[in-house]
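S.K.: Chains A and B supply the protein sequences, listed in that same order.
All residue numbers for the first sequence refer to our numbering, where the first residue is 674 and numbers rise by one.
All residue numbers for the second sequence refer to our numbering, where the first residue is -1 and numbers rise by one.
All residues carry an ideal CB built from backbone N, CA and C; glycine is no exception.
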Amino acid sequence: MKEKVEKSMYGLGMVKGLGVTLRHFIETYIDDIRWLSRGRYYNDAAIRERQGPNARGVFTVQYPEEKLPIPEEFRYIPILIYDELEDGTHQDRCTSCGICAKVCPPQCIWIVRSTNPTTGRPIPEPTEFFIDIDICMNCGLCAEFCPFDAIKMDHDYEIASYNRDKAHIFNKERLSKPATYYAEIRPINSAKEEAVRLEKEAAKAQKAAQKKES
Amino acid sequence: MDHKSKGNGYDVETDQIVVNLGPQHPSTHGVFRMVVTLEGETIVDLKPVMGYLHRNHEQIAERNTYLMNMPFTDRLDYICSMSNNFAYALAVEKLMDIAVPERAEYIRVMMAELTRIVNHIWAIGFLLNDLGAFFTPALYAINERELVLDVFEAVSGSRMMCNYFRFGGLARDLPEGVIEIVTELVHERLPRKVDELETYLTDNEIVRVRGEGVGVLTAEDAVAYSAGGPVLRASGVPYDVRKADPYSIYDRFDFDVAVRYNGDVYDRYRIRIDEIRESLKILEQVLRDIPDGEIQTGKPQYQVRVPEGEAYGRVENPKGELGFYVVSNGKPNPWRYHVRAPSFINLTALGIMSKRQKIADAVAVLGSIDIVLGETDR
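1) Could you tell me which residues DSSP pairs with G321(B) in its beta bridges?
2) What did DSSP end up calling R250(B) once you bin it into helix, strand or coil?
3) What are the residues of the stretch 361 to 373 of chain B that lie near chain A, defined by any Cβ-Cβ distance shorter than 7 Å?
4) Just to confirm my understanding: we take P189(B), look at its own chain, exclude 5 residues before and 5 after, and list those with CB closer than 7 Å. What are they?
5) So I784(A) is in the alpha helix (DSSP H); what residue range does that whole segment cover?
6) Just the C-alpha distance for N716(A) and N727(A), rounded to the nearest angstrom, thanks.
7) Per DSSP, E273(B) forms a beta bridge with which residues?
8) Can we say the stretch 338 to 355 of chain B touches the stretch 38 to 46 of chain B, given the rule of at least three CB pairs closer than 8 Å?
9) Just to confirm, are A682(A) and E39(B) a CB contact at a threshold of 7 Å?
10) Helix, strand or coil for E306(B) per DSSP?
11) If you check the beta carbons only, do G272(B) and M159(B) fall under 7 Å apart?
12) Around the C-beta of D760(A), are 16 or more other C-beta atoms found within 10 angstroms, so that it is buried, or is it exposed?
13) Taking K689(A) as the query, report the chain B residues whose CB atoms sit under 9 Å from its CB, ordered along the chain.
14) Are the CB atoms of R258(B) and R270(B) within a distance shorter than 7 Å?
15) If you follow the beta strand (DSSP E) that M32(B) is in, where does it begin and where does it stop?
16) Taking just the CA atoms, how far does R870(A) sit from E846(A)?
17) At a CB-CB cut-off below 7 Å, which residues of chain A make contact with R187(B)?
18) Does any CB atom of chain A fall closer than 7 Å to the CB of N331(B)?
19) With a cut-off of 7 Å, does the C-beta of Y300(B) fall near any C-beta of chain A?
20) For chain A, is any of its Cβ atoms less than 7 Å away from the one on M66(B)?
21) Give me the Cα-Cα distance between E218(B) and Y237(B), rounded to the nearest whole angstrom.
22) Taking L147(B) as the reference, give the member of I179(B), G166(B), G365(B) with the closest Cα.
23) Cα separation between F802(A) and D765(A)?
24) For the candidate residues L126(B), R240(B), T374(B), whose alpha-carbon lies nearest to that of D254(B)?
25) Of the choices M66(B), L126(B), R106(B), whose alpha-carbon is the least far from that of A774(A)?
26) So which residues of chain A does E111(B) contact, with C-beta pairs closer than 7 Å?
27) Compare the C-beta of A152(B) with all C-beta atoms of chain A and state if any pair is closer than 7 Å.
28) Please decide whether V776(A) counts as near chain B, where near means a Cβ-Cβ distance under 7 Å.
29) So that I know if they touch, is there some Cβ in chain A lying closer than 7 Å to that of A87(B)?
30) Would you call the CB atoms of I861(A) and E745(A) closer than 7 Å?
31) Does chain A have any CB closer than 7 Å to the CB of N54(B)?
32) List, in chain order, every chain A residue whose beta-carbon is nearer than 9 Å to that of N127(B).
33) Does DSSP classify K877(A) as helix, strand or coil?
34) Hey, how far is the Cα of T853(A) from the Cα of R859(A)?
35) Between which two residues does the alpha helix (DSSP H) harbouring E722(A) extend?
36) Between F747(A) and chain E, is the shortest Cβ-Cβ distance under 7 Å, so that the two count as touching?
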């Protein structure tokens, strides 16, 4: 076998390979010229083209100025959704049922349930809700199995901080986001869930009406 | 050890010295140590030392409920999280005795084959890195990987830690536009990239000299070490779990098991190119036949009920046969959970492959096995 290698050692394979390198090198310049009038950087159309299946030339993104488009399903740390009622108050969707804490693989969710101070009965909303962001593995199981659509995964991935102890345990205040924000980052999913909820409410109303009649 | 021996065949008296390559070494792909006994530049003995990245995966899995383990399997072989999910889902589905809807099966195969392409592209790129071609081939190779990871991100929400499979189906259906992107990739972009890699590397004299006849693993040794995947098939054993024990819907597709016969570094590079082509063949058929319909059997549950028993689910991971052995005693968490990790088992053959090679070639041999330390050490 050694002989076979030496027989064909004229460097032709290497020249062919260098041709590929040269093509890559030239392609970046061709791409620059193609985008000359529109601007290759700092606009959405260019980024989409550069990250799509037809991308040529340089793939890189100039990060802080340019950001990659985020697909709807992208998941980062969880957020708690609240509805804004007509009178301006906030209604947590969370009922502190604890399914998210149960399903969480690294067990980083900690919920403090509320009780009515006069009767001592539990109220279906959390007093406190902690997520240890250092432990959270962004798996999205909490959001997937929440029966009230209360906990969802965020899109904001820029959460670096100078503090590394208490600042990384997010409390309810830090986690809470309005339902409008959720509809903004995940339009398709939230529309679907909204439709299901309206359907359920309609069915409930119908049942109640039937009960009244009978 | 012999203090003075005539080991290298030139009747020159040399001392044997022991060199530790790693655990912090750029060529070991992570925290991994090779204890190399050298005579001059020739390797007399090589012992792989693993375990620096041990994080108690199996014990944690026995504490977790069945579903909780799914995101943990992503973190074994973090290059191919989709097919890790696949194997674990298969094992638990076997125990639960549930079927998977047709569309989900097709999507699963699609994701697994895309993962194989990504992994092989990555492996080729980093093999060239180990051969000394610093990062140019690697970056050319992973351009396309980036596009496939975009697909994974759109589908599962994460580029590498996908956590996409569920028992009896998938977490969610494909979002709009994904099929079109995958079609474009499979029919245009990826074949072009494979051809480019071939013209770039296959005939390259340096790759051939560094690869041909280096790190030979004979078919007998490969079987004796129970190596799997490209390492086994490059040694001339056409064993592929997808053909030998067809899981999911692999019996429906028309594809060949790639095999090469020299068992050296060069063949282990060539076989990865062959396998990408076969995967593209499967993907074309998947895209042609994928039906509409459900993607999950029954209602998704956060705590599945798993009857007593044991099951072994195995898939042909890009790196070899990946198996999950799960024993249930009816409780919410597995009683025993074991991973048969392909990188770990292929790595044990490193010693025999590197014997009588030059020390620089040991790095190339390690690169050609294609290990991921997350899976080796668990």
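M.R.: Concretely, from the data shown:
1) R312(B), R338(B)
2) In the three-state scheme derived from DSSP, where H, G and I count as helix and E and B as strand, R250(B) is classed as helix.
3) none
4) L278
5) Looking at the DSSP string, I784(A) is not in any alpha helix (DSSP H); the run it does join, the beta strand (DSSP E), is 782 to 788.
6) 17 Å
7) BP columns for E273(B) are empty, so no partner.
8) yes
9) The question names Ala, yet the displayed sequence has Met at residue 682(A). No.
10) coil
11) Per the sequence shown, residue 272(B) should be read as Asp rather than Gly. Not in contact: D272(B) and M159(B) (Cβ atoms no closer than 7 Å).
12) Under a 10 Å Cβ-count criterion, D760(A) is classified as exposed, with fewer than 16 other Cβ atoms of the shown protein chains found around its own Cβ.
13) T197, Y198, D201, N202
14) no
15) 31 to 37
16) Cα to Cα, the separation comes out at about 25 Å.
17) For R187(B), the neighbours in chain A by C-beta distance under 7 Å run, in chain order, P726.
18) no
19) yes
20) yes
21) In this structure, the CA atom of E218(B) is about 13 Å from the CA atom of Y237(B).
22) I179(B)
23) 11 Å
24) R240(B)
25) If we check each option's Cα against that of A774(A), M66(B) comes out closest.
26) Those do not exist, as E111(B) stays about 17 Å from chain A at its closest Cβ, beyond 7 Å.
27) yes
28) True, the Cβ-Cβ gap to chain B drops below 7 Å.
29) Taking Cβ atoms only, chain A never reaches closer than 7 Å to A87(B), which makes this a no.
30) yes
31) no
32) Simply none; closest approach about 15 Å.
33) helix
34) 10 Å
35) 717 to 724
36) In the structure shown, chain E cannot be found, because the protein chains are A and B.
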